[in-house]
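Below: one structure, written as structure tokens.
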Amino acid sequence: TKLYKLLTKVCSLRLKNDNTVEPYVFIDRSSVSEAFTENDLNLLDKIRVFTSCNAFAARISDLRWLYCKPKSINDAHNAIDFYSCYEINENDWIDSVKNYYERASRLAIQLGKGCIDKIEKIKQSLNDALAIEYP
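Residue numbering for the sequence shown follows the working numbering, beginning at 2 and increasing consecutively.
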């Protein structure tokens, strides 16, 4: 039961890219940071390796980066990699760019010099997608 409640919390979050301090919000709650215990975040880390959904793995990594104490830079790098692994095409443009690539970009920019290669990869993916001529 606890696992299902935890997964429900993770899935009920909404991403608000314009808030760099707390980019996830609950519709019915004010603070996400108080919603997850260290045990919850550790359990999510164990679950992450079994998920085949990159968006879910990215969210778990992102939540761990935001709320684990002490922070692990690997969580941030994992979130960036999972968010930016999606193909950008005309059918998935909004999901890919608005939700995933924007969050990956914001995380990479926050990390600065340690993410130059990831920032360049994201820029290249976006440039390549814009260069494609859609019918």
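Beta carbons are placed, not taken as given, at the ideal position from N, Cα and C, and that holds for glycine. Note that the structure is predicted; figures quoted are calculated from it, not measured.
Residue nearest to residue 3 in terms of C-alpha spacing, selected from 13, 32 and 44: Within the sequence shown, residue 3 is the residue found at index 2, counting from 1. Here the closest residue by C-alpha is 44.
Given residue 122 as reference, the closest of 61, 90, 81 and 38 once Cα atoms are compared: On the sequence shown, residue 122 is found 121 positions in, with the first residue counted as 1. Of 61, 90, 81 and 38, the residue nearest in Cα terms is 81.
Closest residue to residue 108 among 76, 132 and 87 (Cα-Cα distance): In the sequence shown, counting from the first residue as 1, residue 108 sits at position 107. Among 76, 132 and 87, the Cα nearest to that of residue 108 belongs to 76.
Proximity below 7 Å, CB of residue 89 to CB of residue 97: Against the sequence shown, residue 89 aligns to sequence position 88. Against the sequence shown, residue 97 aligns to sequence position 96. Yes, the Cβ-Cβ distance between residue 89 and residue 97 is below 7 Å.
Nearest candidate by alpha-carbon position, reference residue 49, set 32, 62, 38 and 10: Against the sequence shown, residue 49 aligns to sequence position 48. Cα-wise, what sits closest to residue 49 is 62.
Other residues of its chain near residue 11: CB distance less than 8 Å, five sequence neighbours each side excluded: Walking along the sequence shown from the start, residue 11 turns up at place 10. Only 45, 57, 60, 61 and 64 meet the Cβ criterion.
Residue 74 classed as buried or exposed, judged by whether at least 16 other C-beta atoms fall within 10 angstroms: To locate residue 74, count along the sequence shown from 1; it is residue 73. It is exposed - the Cβ of residue 74 has fewer than 16 other Cβ atoms within 10 Å.
Cβ pair residue 68, residue 34 closer than 7 Å: In the sequence shown, the residue the question calls residue 68 occupies position 67. In the sequence shown, the residue the question calls residue 34 occupies position 33. Their beta carbons are under 7 Å apart, which means residue 68 touches residue 34 by this criterion.
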